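In our numbering, the protein residues as written are 263 to 444.
Backbone N, C-alpha and C fix where the C-beta goes; we use that ideal spot for every residue, glycine too.
For clarity, every value in this text was computed on a predicted model and none was experimentally measured.
First the structure, in the form of C-alpha cells, and then the observations on it.
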Amino acid sequence: MTNYKHPNDSRVVSTDQVLVNDLNNYNTLFGGVLMKKLDNNATLSARRHARVKECVTASTDSIDFLHPVRQTDSVCIESFVSYTGTTSMEIFCKVIAEDMMTGERKIAATAFLTFVALDEDKKAIQVPNIVPESAEEKYLFESGEKRAAMRRKRREHSKELTQIIGLEKPWERGDIHVRKSE
Numbered sequence: 263m264t265n266y267k268h269p270n271d272s273r274v275v276s277t278d279q280v281l282v283n284d285l286n287n288y289n290t291l292f293g294g295v296l297m298k299k300l301d302n303n304a305t306l307s308a309r310r311h312a313r314v315k316e317c318v319t320a321s322t323d324s325i326d327f328l329h330p331v332r333q334t335d336s337v338c339i340e341s342f343v344s345y346t347g348t349t350s351m352e353i354f355c356k357v358i359a360e361d362m363m364t365g366e367r368k369i370a371a372t373a374f375l376t377f378v379a380l381d382e383d384k385k386a387i388q389v390p391n392i393v394p395e396s397a398e399e400k401y402l403f404e405s406g407e408k409r410a411a412m413r414r415k416r417r418e419h420s421k422e423l424t425q426i427i428g429l430e431k432p433w434e435r436g437d438i439h440v441r442k443s444e
C-alpha cells in the first residue's frame, strides 16, 4: 500500500436539486436531510482513500450551517480526506448552494466527519497519510492535529459521561417526577 495519497484522490462531488419533500416549515432544506447527504459523501471519500469495502463513521465532529438552502437552489457537496491518524480519516465537507435562477453560489455549510476503515474481520486498519497540494488542503491539514486533539478530549468526556448517565426509563427513576396530564 502506498503510504500517502493526495486529498484529490478521495474527492467526491455530488449535486442534487432541492425537492419540496426536503423542505422544513421555513421552506429551507431540513438539516437532517443535509446531514444524511454529508454522511453519504464522506463515506465514499473515506472508502476511496482507504480502498476498503467498509468504513464506519466514528464521529460527526461539526456541521456549521452558514446559509439556508432553498428550493430554488441546487446543493453541491464536495468532500475529501483532509487529515489522517493511524486508523482514522478526517473528512472535510463543504456545501455550496447555487440559486438555479441567478447562478449565485454561497457556502451553505461546512462539516468535519471522522471515519475508520475496517478489514474483513471488522478490525480497524492503518490508512494512508495525506499530502495536501492546494492552499485549502494545506490549511485543513495543518489545522488537523488541533481538531484531532479536540476529538480525543471530547471522546474522553463522552466516556466519562456514560459512567454517569443512566439507562433506566425516566418514569422508573426516583429522581424524576413525571406529571400526569389533567
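Handout entry: Residue range of the beta strand (DSSP E) that includes Asp383
Key = Neither: Asp383 is in no beta strand (DSSP E) and is coded neither H nor E.
Problem - For Asp361, the first and last residue of its enclosing beta strand (DSSP E) - result: Ser350 to Asp361
Problem - Burial state of Ser272 (16 or more Cβ within 10 Å) - result: buried
Practice task
Check the DSSP bridge columns for Asp278 and list the partner residues they point to.
Solution key: Val337
Exercise for the section: Please look up how many angstroms separate the CB atoms of Ala379 and Val389, rounded, as I've assumed it's under 8 Å. Expected result: 5 Å
Exercise for the section: Report the rounded CA-to-CA distance for Tyr266 versus Gly428, giving the unit in angstroms. Expected result: 43 Å
Exercise for the section: Could you check what DSSP says for Asn391 in three-state terms: helix, strand or coil? Expected result: strand
Problem - Collapsed DSSP secondary structure at Trp433 in the structure displayed - result: helix
Practice task
Using three-state DSSP, classify Tyr401 as helix, strand or coil.
Solution key: helix
Practice task
Using alpha carbons as the reference points, say which of Glu430, Asp301, Ala410 and His268 lies closest to Thr348.
Solution key: Ala410
Problem - Cα-Cα separation between Glu430 and Arg313, rounded to whole angstroms - result: 41 Å
Practice task
Report, in whole angstroms, the separation of the C-beta atoms of Phe292 and Leu285, which I expect to be a contact under 8 Å.
Solution key: 7 Å
Problem - Cβ-based neighbour list, Glu395, same chain, cut-off 6 Å, excluding 5 preceding and 5 following - result: His268
Handout entry: Cutoff 9 Å: Cys317 Cβ touching any chain D Cβ
Key = Among the chains of the structure shown, chain D does not appear; only one protein chain is present.
Handout entry: For Ile426, the first and last residue of its enclosing alpha helix (DSSP H)
Key = Gly406 to Ile426
Exercise for the section: Look up Thr319 in the DSSP assignment and say whether it is helix, strand or coil. Expected result: strand
Practice task
May I ask which residues mark the beginning and end of the alpha helix (DSSP H) holding Gly293?
Solution key: Gly293 to Ala312
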